[in-house]
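Report on the following structure.
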Amino acid sequence: MLKLLKIAVGSAAAIFLADLLELDYSTSAGIIALLTIQDTSRETVVISAKRIGAFLLATVLAYTVFRLAGYSVFSYGVFLFFFIACCSPLHLGTAVSTNAVLVSHYLLEKNMAFPLIGNEALLLLTGAGIGTLLNLYMPGKGREIRRMQYRLEEDLRAVLWRMSEYIGKEDRSDYTGSCFDKLQADIDAGKKQAFAYMNNTFFQESKYFLDYMNMREQQTVVLRDIYKKIMSMRTILPQTGQVAGLLRETAVTFGESNNARALLAKQEEMLLRMKDSELPVTRQEFEDRAVLYGILVDLAYFLQLKKEFADSLTAEQIRKYWRGE
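This is the structure:
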């Protein structure tokens, strides 16, 4: 709805401004504004820049063709052939239609005097300028992705908490992987929002949310492996309660600005204690002990992913996203 409103307002404003400037073919400015407004701010700026660059190319080609072959439909066709052939390798395809319309004005006027070229340039700048200015306003994107972050972190807390409960139970018949369905759905939605946020902002730190979502997705893969290991266990070992406690502590202290260093230290200490403890008695206990050790290793990788993410942040990203300034 907002995009439709921008298109309507932008087109009308571009025509109005072109009329104030007493430009010929003022409605073309409205069409250019309409075509300029894209889904994201970054796309809008990029397409405007491409159209301005393509306009310079179109002017040179049109001047050459019309001067050599005259102002005719045949000449216009020759111009289009060379213009499109030049735009394709330069990745200016999105600028072809706009500039083809502007060049058609030279054909209609049967001249390319400097005032007419200036008229077409102003039409382009008016339409593209208003379209770009309107599309720089993208409300609520930061708030939306923040809400998704909080929801995603709650999903992960719930998964970790369930693991801490079911790892100590012998009957896990009602412990299914359904909790991962909502988690993955929120990750997919979060990545989509992160892409949109990045494309609607123009500073380097905007990539933060996309990196954050990718990190959480990697952690989810690790949690799926831990879930499979928990489901494979058949006995409750003395060390099971310790691992369950670490899973609970991870769930409780889980958060965006937790760099995981303290939890990694506790995990390492727990691994050392497990190595020094008495060996299992039965084969099943031995196998489950190995699985329990594997869960701790997986948990270390889960925490290490967060630590690496935290260590990779710039000072500006920490200030902006962790301190809320």
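Residue numbers (my numbering): 982 to 1306. Built from N, CA and C at the ideal position, the CB exists for glycine as well.
- Here the alpha carbons of F1190 and I1299 stand approximately 12 Å from one another.
- From the listed residues T1017, L1103, M1093, F1176, the smallest Cα separation to S1078 is found for T1017.
- I1276 is the residue among G1099, I1276, F1161, L1088 whose C-alpha sits nearest the C-alpha of A1225.
- Under the three-state reduction of DSSP, R1153 is assigned to coil, being neither helix nor strand.
- Shown here for S1145: same chain residues with a beta carbon closer than 7 Å to its own, the five before and five after excluded, namely A1225, L1228, R1229, A1232 in chain order.
- Excluding five sequence positions before and after E1090, the CB atoms of its chain that fall closer than 7 Å to its own CB belong to L1097, given in chain order.
- Taking 8 Å as the cut-off, the Cβ atoms of E1125 and Q1165 do not count as close.
- Using a Cβ distance threshold of 8 Å, L1252 and L1284 do not count as a contacting pair.
- Taking a C-beta distance under 8 Å as the contact criterion, Q1248 and L1218 do not qualify as a contact pair.
- Counting along the chain, I1211 sits inside the alpha helix (DSSP H) bounded by residues 1189–1213.
- Going by DSSP, R1023 is part of the alpha helix (DSSP H) stretching over 1022–1050.
- Remark: fewer than three beta-carbon pairs, one from each stretch, lie closer than 8 Å, so the segment 1045–1058 and the segment 1136–1151 are not flagged as touching.
- The straight-line gap separating the alpha-carbon atoms of N1092 and R1128 is approximately 57 Å.
- With a minimum length of 4 residues, the unbroken runs of alpha helix (DSSP H) contained wholly in the segment 1057–1111 fall at 1077–1090.
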